[in-house]
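Colleague:
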Amino acid sequence: QLPLLFSLQEEEEEELSLHQVPDALALRIILKARHNNDDRTTTTTRQEKEKQLCYAIQDLLLKEWPSGRIKDYIQYPKSNGYQSLHHTSTVFRHGEHWSFEVQIRSEEMH
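Residues in the sequence shown are numbered consecutively from 1, following our numbering.
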């Protein structure tokens with residue numbers, strides 16, 4: 001990805017390793033809520049369901065991978081309308097700690 005290459009070039013000047021770049025590895029989860037038979041009796045919109053799903057997924061992932069940083073662009077969207085939940089964490093693999101970022105959003109937020 002171009003942003004990653006640009007980011008790495010900037011950080012090379014500071015002599016950082018790939019392990020120190022918090023979003024060098026990323027997991028993007030893009031979801032879409034489905035309608036079911038119970039939808040006829042509720043007033044919850046698809047957008048509201050998708051927001052709830054984003055937060056539920058984030059809660060599940062944070063139990064597995066505690067966060068170093070959380071950014072909530074659903075509750076506080078960017079000026080261009082972008083909405084997403086981001087959090088960074090680390091995982092220990094092959095004798096090393098690896099930083100990664102998780103992004104969770106719906107198709108409409110994308």
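Beta carbons are placed, not taken as given, at the ideal position from N, Cα and C, and that holds for glycine.
Taking C-alpha atoms, which residue in Ser67, Ala33, Gln75, Thr88 lies nearest to Gln47?
Modeller: Comparing Cα-Cα distances from Gln47 to each of Ser67, Ala33, Gln75, Thr88, the minimum goes to Ala33.
Colleague: For His94, does the count of other Cβ atoms within 10 angstroms reach 16, so buried, or fall short, so exposed?
Modeller: Burial call: exposed.
Colleague: Using the Cα positions of Ile104 and Trp98, report the straight-line distance between them to the nearest angstrom.
Modeller: In a straight line, the C-alpha of Ile104 is about 20 angstroms away from that of Trp98.
Colleague: To the nearest angstrom, report how far apart Tyr73 and Asn80 are at their CA atoms.
Modeller: So the alpha carbons of these two residues sit roughly 11 angstroms apart.
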